[in-house]
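Asks: Dropping a structure here in structure tokens format, bear with me for questions.
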Amino acid sequence: MNDAFHRLRVQVFCYATEDEDLIYDTLAELTGTEGLEVEVCSGEHGNRMVIMQDELKGRKVAELFSRLPAELVDELIGKAEERVDDDCNFHMRIDKQEAVQGRYVLAHHGDVVSLTGKLVSHPARKSIAVDNLRRFLGGLQQARREPSAERTGSP
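Quick note: the sequence shown, position 54, residue 54 per our numbering, numbers continuous.
Structure representation (structure tokens):
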């Protein structure tokens with residue numbers, strides 16, 4: 001269940017030198033959806049650029065974060081305050097080239113898959129949004145550690 005996000009936008013820019021199908025498949029795998037919004041436009045120098053994005057809500061948000069490595073989610077929990085702005089928006093960038101290889105790591109450069117989401121916070125305060133984010137991510141981590149009845153064969 002997702003009780004931390006109103007919505008999460010996942011966006012990537014695909015440049016003329018990149019394989020559009022590969023980038024599309026990478027984003028579709030991360031989001032768990034096939035119906036990505038695709039917009040073709042021109043880059044700064046007139047070359048072809050494609051913007052691919054999806055907006056996730058509800059359980060789709062939790063499913064996306066569940067696809068991320070546990071170590072990355074732990075890092076997000078520890079640095080939640082840095083990932084949330086004063087308007088209760090969450091910001092995260094995943095290295096696009098690593099994502100194409102099936103590895104999700106934080107990026108500190110511009111070639112990224114961008115995740116931006118509006119966090120639930122009533123009243124709208126950063127501290128409440130950060131707490132909700134930590135609780136949400138911590139719940140996902142707890143679910144990873146607890147064996148389900150299906151996996152253990154228990155009723």
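Cβ atoms here follow ideal geometry from the backbone N, Cα and C, with glycine treated the same way.
In this text, all values refer to a predicted model and were calculated from it rather than measured experimentally.
Please return the same chain residues whose Cβ sits closer than 8 Å to the Cβ of residue 190, not counting the five positions on each side in sequence.
Replies: The question about residue 190 has no answer here: the residues shown for the chain are numbered 1 through 155.
Asks: Three-state secondary structure (DSSP) at residue 132?
Replies: helix
Asks: Using only CA atoms, which one of 87, 139, 111, 90 lies nearest to residue 13?
Replies: Taking only the C-alpha atoms, the option nearest residue 13 is 111.
Asks: Express the C-alpha separation of residue 81 and residue 120 in angstroms, rounding to a whole number.
Replies: Each residue's alpha carbon lies about 15 Å from the other.
Asks: To the nearest angstrom, how far is it from the Cα of residue 123 to the Cα of residue 117?
Replies: So the two alpha carbons sit approximately 17 Å from each other.
Asks: Going straight from the alpha carbon of residue 69 to that of residue 126, what length do you get?
Replies: 25 Å
Asks: Which of helix, strand or coil does DSSP assign to residue 48?
Replies: strand
Asks: Which one of 50, 62, 45, 44 has the shortest CA to CA distance from residue 38?
Replies: 50
Asks: From which residue to which residue does the beta strand (DSSP E) around residue 15 run?
Replies: 5-15
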